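Heads up, the thing below is written out as structure tokens.
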Amino acid sequence: MAIIRVLTLLLLLAGSACDKSVDPETLTLQIDSQYQDCVGVGPRKCLRVKENDASKWQLFYDPIEGFIHEPGYSYTIQVSREVIPDPPTDGSSYRYKLIQVVNQQKQ
């Protein structure tokens with residue numbers, strides 16, 4: 004009987020230690036027509052982005068899987084944002100994937 008209790012306890016502990024995945028979040032991003040200089044690990048070019056109808060542009064350091072920005076065009080896109088478990092120390096804690104290009108406009 005004691006063995007069954009110990010095994011049950013171990014199974015409960017093992018189950019609670021499993022990674023709890025979070026469903027990806029869907030965001031709408033407005034992308035500016037030009038890249039802007041920014042600094043991460045070193046100097047680079049970043050997208051200027053407004054998230055979900057925000058009023059101010061922010062620098063966006065992360066890649067968006069499936070999206071290729073063409074300078075001279077502004078975009079409205081939908082992306083999924085997924086939490087990366089155990090991200091690298093110098094990396095993002097999110098992974099972005101293109102869902103769809105809602106609008107592309109020549110500037």
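Residue numbers for the sequence shown, in my numbering: 4 to 110.
Just so you know, even glycine gets a beta-carbon here, dropped at the ideal spot from N, CA and C.
Because the structure is a prediction, the values reported are computed rather than measured.
Quick one: grab the DSSP three-state call for P91.
coil
Is P27 helix, strand or coil when you go by DSSP?
coil
Within 10 angstroms of its Cβ, does A57 collect 16 or more other Cβ (buried), or is it exposed?
exposed
Around the Cβ of V52, are there at least 16 other Cβ atoms within 10 angstroms (buried) or fewer (exposed)?
buried
How many Å lie between V9 and F70 at the Cα?
At V9, the pLDDT of 43 sits below 50, so the modelled position is not reliable; the number obtained from the coordinates is stated separately. Looking at the two C-alpha atoms, the distance is approximately 51 Å.
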